[in-house]
DNA sequence: GGCTTATGCCTCGTTCTCTTAGGTATGATA
DNA sequence: TATCATACCTAAGAGAACGAGGCATAAGCC
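Protein chains in written order, with the working numbering: chain S, 1 to 110; chain V, 1 to 110.
Structure, rendered in structure tokens:
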């Protein structure tokens, strides 16, 4: 992470989680993350679309062209079985990892 | 993060935090992180030393050659004023960020 | 009609960090 | 004597994010 936004590597997990319950298109995923984090998390499009492509390439997502509620053309992504497994594994990993970091940061003289 | 260890960008914060209370040399920092996270966090030397160098270059750390308890030659790092400020700012950012990610990951059907 | 904004997709070049894999040197231990 | 732990370092490669650009369509406004 060179700028002020994401810690590298967490975007994939967020995408997997968001798609767990509903299929969504890329632009909506970006908006969703921003809105559901009160603006704390802001995903640049230059990061979002490549992330979707590589998750699809890894077989964790499936993509299908469709129409939004307003009739716009959009590519809808959904989780594959592999994506579900990856989400579970990565969630555990995030939990352990962030817990360890937070524990250190809140240590003595913190 | 391309492998299985750190989420890119968090190493710097950990280093700043560890050096807040005591000056330490690089090798000891690596060991400290591993031990104080029950092995969850493992810092490769190829990531650690460059991180120390760039933090020093940014004026957040100061380095001084000295001797360990066992008489070995080692480079001891300590926080500068700028490093203290950076630690505070980054701690807040980590807290907000990890909180937002965790909230999303623990959301409905999580 | 014409303009701007929002939606929706994409790629490219640059920068940054981590991984992997080496290297050097010294002290302790078997 | 040989090997391991300590203690430092670098370089090549991969991977991801940033910033900036581009394309196209629909909606809203003057």
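Cβ coordinates follow ideal geometry from the N, Cα and C atoms, glycine included.
Worksheet item: Per DSSP, which one or two residues make a beta bridge with residue 66 of chain S?
Response: DSSP, once it has assigned bridges, lists S:74 as partnering residue 66 of chain S.
Practice prompt. Establish whether the CB of residue 27 of chain V and some CB of chain S are separated by less than 9 Å.
Written response: Not closer than 9 Å to any Cβ of chain S, the Cβ of residue 27 of chain V fails to qualify, so no.
Discussion item. Can you give me the C-alpha to C-alpha distance between residue 45 of chain S and residue 34 of chain V, rounded to a whole angstrom?
Written reply: Their backbone Cα atoms lie some 35 Å apart in a straight line.
Practice prompt. Check the DSSP bridge columns for residue 8 of chain V and list the partner residues they point to.
Written response: As DSSP reads the structure, residue 8 of chain V sits in a beta bridge with S:8.
Item to complete: Have a look at residue 99 of chain S and residue 67 of chain V and give me their C-alpha separation to the nearest angstrom.
Response: In a straight line, the C-alpha of residue 99 of chain S is about 34 Å away from that of residue 67 of chain V.
Fill in: Range of the contiguous alpha helix (DSSP H) that encloses residue 102 of chain V
Where residue 102 of chain V is concerned, the enclosing alpha helix (DSSP H) stretches over 81-105.
Worksheet item: In three-state terms, what does DSSP make of residue 56 of chain S?
Response: In the three-state reduction of the DSSP assignment, residue 56 of chain S falls in the helix class, which pools H, G and I.
Discussion item. Relative to the C-alpha of residue 59 of chain V, which candidate in V:79, V:48, V:69 has its C-alpha closest?
Written reply: Ranking V:79, V:48, V:69 by Cα distance to residue 59 of chain V puts V:79 first.
Worksheet item: Alpha carbon to alpha carbon, what distance is there between residue 85 of chain S and residue 92 of chain S?
Response: Distance between the alpha carbons of residue 92 of chain S and residue 85 of chain S is about 11 Å.
Item to complete: Have a look at residue 42 of chain V and residue 94 of chain V and give me their C-alpha separation to the nearest angstrom.
Response: Answer to the nearest angstrom: the Cα atoms are 19 Å apart.
Worksheet item: With 9 Å set as the bound, which would you pick, yes or no: does the beta-carbon of residue 63 of chain V sit closer than that to a beta-carbon of chain S?
Response: False, the Cβ-Cβ gap to chain S never drops below 9 Å.
Worksheet item: So what does residue 61 of chain V bridge to, in DSSP terms?
Response: In the DSSP output, where bridge partners are listed per residue, residue 61 of chain V has V:79.
Practice prompt. Report the neighbours of residue 50 of chain S on chain V: residues whose CB is nearer than 7 Å to its CB, in chain order.
Written response: None at all; the shortest Cβ gap to chain V is about 14 Å.
Worksheet item: Would residue 100 of chain V count as contacting chain S if we go by Cβ distances under 9 Å?
Response: Closer than 9 Å to some Cβ of chain S, the Cβ of residue 100 of chain V qualifies, so yes.
Practice prompt. Report yes or no: is there a C-beta of chain V within less than 9 Å of the C-beta of residue 71 of chain S?
Written response: Not one chain V Cβ lies under 9 Å of residue 71 of chain S.
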